[in-house]
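Presented below is the structure to which this report refers.
There are 2 protein chains.
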Amino acid sequence: MADDVNVTGMVESDPTIALTDRGLAYGDGLFETVLLRDGVARLWDEHCERLSQGAQRLGFEAPSRAWLDALPGKAPAGEHVLKITLTRGSGGRGYRPPLPAEPRCYWQFIPFTPMPERWVQGITVRLCRLRLACQPVLAGIKHLNRLENVLARQEWQDDTIAEGILLNDRDQLIEATAMNLAWHDQGRWWTPALTECGVEGTLRRALIERGHLSVADHAPLSRLLNSQSACLFNSVQGLWPIVMCHDADGHDTPGQWRIDEAVRCLQREAHTLLGHPPVLSTS
Amino acid sequence: MADDVNVTGMVESDPTIALTDRGLAYGDGLFETVLLRDGVARLWDEHCERLSQGAQRLGFEAPSRAWLDALPGKAPAGEHVLKITLTRGSGGRGYRPPLPAEPRCYWQFIPFTPMPERWVQGITVRLCRLRLACQPVLAGIKHLNRLENVLARQEWQDDTIAEGILLNDRDQLIEATAMNLAWHDQGRWWTPALTECGVEGTLRRALIERGHLSVADHAPLSRLLNSQSACLFNSVQGLWPIVMCHDADGHDTPGQWRIDEAVRCLQREAHTLLGHPPVLSTS
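Residue numbers (UniProt numbering), protein chains in the order written: chain P, 1 to 283; chain A, 1 to 283.
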């Protein structure tokens, strides 16, 4: 990561951005949501790395690591989400980006309270009707073009449904609207490959690097439905076991998942990385 | 269109938006770029209709027609582009939209000078490397998730190339980065269907409604390369004849296009709708 990037327009507690910012005009930018506890960031390396890789993909410079490192310490005490929004800034002619760009980096601290009942009891999910489009150029990075996620999340209002599972337009498993997905079969935990669409979560990356998750290419829905246990996870909420899944019409799917030792084991690894409390087996 | 929608946060000459606006966070919104001459808008019905249809697709209310009708008259004298940006506003929980949303509508007047040399002499275009992803839920509307257009426009810096032709990931003709595409064969003008991706331009809609353009489904690149004449057009720039096309490596493609009477005829229809001057045949 460059250490000399000139990040203009830095906003500290400034609640507004320029109407001309390309982040608004075209979603021309990236974001990160980082778990903080008393000003200490979790999976910070992974977040900084993803931001940097995203900026490289879009063709502009991310702030230096030293600049980013100063952010978490500005947080108030307690648990917060640090939301970092990095845009290409203003300028250019229509879609054509300015050269060089003058990226802008904004941040917000959002108070956060975890949901331990979901850690313990697991969640009910649904299958989304929307299918993710395949766009390898944008896959994996956490860019600001998130209308698919918004429209998928808008499919249901029932608060007993915690999340929605997303397939791509080839009916392959990808992720949930705001979390990554894993299932357990053949004695291992699997998570979908994200080379065509989806967001590579930082917790997902950390669990793969530590050998706790394997990547499954082109996994059909049946892989999930036939698995013994399954879960959703991200770097803020931790790991939620899946116990039930409805289809898009609200009917039960044939899937049945147990909160077994495999789940608790992966959850312990995830929660250790995030500083969330371990969850004791209740069965 | 609703006449009673409460559009909060209206910005008149306010150059900033809230950092929490979902338009920035997720590209959760729409835009229009409208040609104005001395405060009079061109293709205004089409622009208002597309904005309204886009808002309906995303699930929030567009401003009333009466409210929109007050905008063009605020413009200074001369030629301008009125850029309208409509977002879902702030609020909600993550991707989950607030119910009801409190949409925000911003506008800017941008001075505009047309490029008559492109009307007369035509343009050289290139084939973009990027392939548009197929997402029927977002196809046609002018939403704020425009990273594909930005990345496609970023593929070239050579100012002698006026535009880039975009195919979808099934190698079918769709559009250019900021214009719609048409070609002439079998005695008619054809433009690609936009049910899977692409933006339905207002000039395109007006030309189809008046019987000047037919819609071609699943048209391969060869349809364009084998055509006698071809052009790009939008509601601001008018109609640019295509005379040459490079591939993504900068090599000529076999296509050869004439600026013939068919081109001048379609151009007259387009320019009449926009109030641009007619272009006399030079050949």
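Think of the CB as a built atom: it goes at the ideal place given N, C-alpha and C, for glycine as much as any other residue. As the structure is a prediction and not an experimental result, all values here were calculated from the model.
Determine, using beta carbons only, whether residue i and residue j come nearer to each other than 8 Å.
i      : j      : result
W240/A : R118/A : yes
L194/A : G140/A : yes
L225/P : G27/A  : no
L232/P : H143/P : no
V120/P : E163/P : no
D185/A : S222/A : no
A133/A : A62/P  : no
C197/A : I174/A : yes
I17/A  : I17/P  : yes
For residue i and residue j, I'd like the C-alpha separation in whole angstroms.
i      : j      : result
P192/A : N180/A : 9 Å
P114/P : H80/P  : 10 Å
E155/A : G91/P  : 17 Å
L138/A : R57/A  : 8 Å
H218/A : T272/P : 51 Å
G255/A : D249/A : 15 Å
T20/A  : N234/A : 32 Å
A176/A : A262/P : 50 Å
T8/A   : R93/P  : Model confidence at T8/A stands at a pLDDT of 36, short of 50, so the residue's coordinates are unreliable and nothing is read from them.
V199/P : R205/P : 11 Å
G23/A  : Q108/A : 16 Å
L203/P : L43/P  : 7 Å
W183/P : R188/A : 54 Å
G102/A : I242/A : The sequence given here places Glu at residue 102/A; Gly does not occur at that position. The alpha-carbon atoms of E102/A and I242/A are separated by roughly 43 Å.
E32/A  : Q157/A : 26 Å
H251/A : C245/A : 8 Å
D260/A : H212/A : 16 Å
P277/A : L35/A  : 14 Å
D171/P : P220/P : 6 Å
F112/P : C105/A : 30 Å
R129/A : A152/A : 7 Å
T253/P : D247/P : 6 Å
Strictly below 7 Å CB to CB, what residues from chain P border residue i?
i      : result
D169/A : C134
L130/A : V137
Within 10 Å of its beta-carbon, does residue i have 16 or more other beta-carbons around it, so buried, or fewer, so exposed?
i      : result
N168/A : buried
P97/P  : buried
V279/P : buried
T215/P : Checking the displayed sequence, the identity of residue 215/P turns out to be Val instead of Thr. So V215/P counts as exposed.
P15/A  : exposed
D3/P   : Because D3/P sits at a pLDDT of 31, beneath the cut-off of 50, its placement in the model cannot be relied upon, and the following sentence gives the value as read from the coordinates. Answer is exposed; the Cβ neighbour count stays below 16.
E269/A : buried
V40/A  : exposed
S52/P  : buried
C48/A  : buried
S229/A : buried
A178/A : buried
A75/A  : buried
T87/P  : buried
L266/P : buried
L207/P : buried
Name, please, each residue of chain P whose Cβ falls closer than 8 Å to the Cβ of residue i.
i      : result
A270/A : Per Cβ cutoff of 8 Å: no residues; A270/A is ~19 Å from chain P at best.
Would you mind telling me which residues of chain P sit closer than 9 Å to residue i, beta carbon to beta carbon, in chain order?
i     : result
A18/A : P15, T16, I17
Residue i touches chain A at which residues, Cβ-Cβ below 7 Å?
i      : result
Q154/P : G59, P97
- [ ] Anything in the stretch 92-123 of chain P with a Cβ closer than 8 Å to a Cβ of chain A? List those residues in chain order, please.
- [x] G94, Y95, R96, P97, L99, Y106, Q108
Task: Cβ-based contacts, 7 Å cut-off: residues of the stretch 178-199 of chain A near chain D - done: Any reference to chain D falls outside this structure, whose protein chains are P and A.
TODO: Please name the residues in the stretch 24-44 of chain A whose beta-carbon is closer than 9 Å to at least one beta-carbon of chain P, in chain order.
DONE: L24, A25, Y26, G27, D28, G29, F31, T33
Task: Residues of the stretch 137-152 of chain P with Cβ closer than 9 Å to any Cβ of chain A, in chain order - done: V137, L138, H143, L144, N145, R146, L147, E148, N149, V150, L151, A152
- [ ] Output, in sequence order along the chain, the residues in the stretch 41-68 of chain A whose CB is closer than 9 Å to any CB in chain P.
- [x] R57, L58, G59
- [ ] Give the residues from the stretch 223-237 of chain P that approach chain A closer than 7 Å (Cβ to any Cβ), ordered along the chain.
- [x] none
TODO: Taking only beta carbons into account, state which residues of the stretch 77-88 of chain A come closer than 9 Å to chain P, listed in chain order.
DONE: K83, T85, T87, R88
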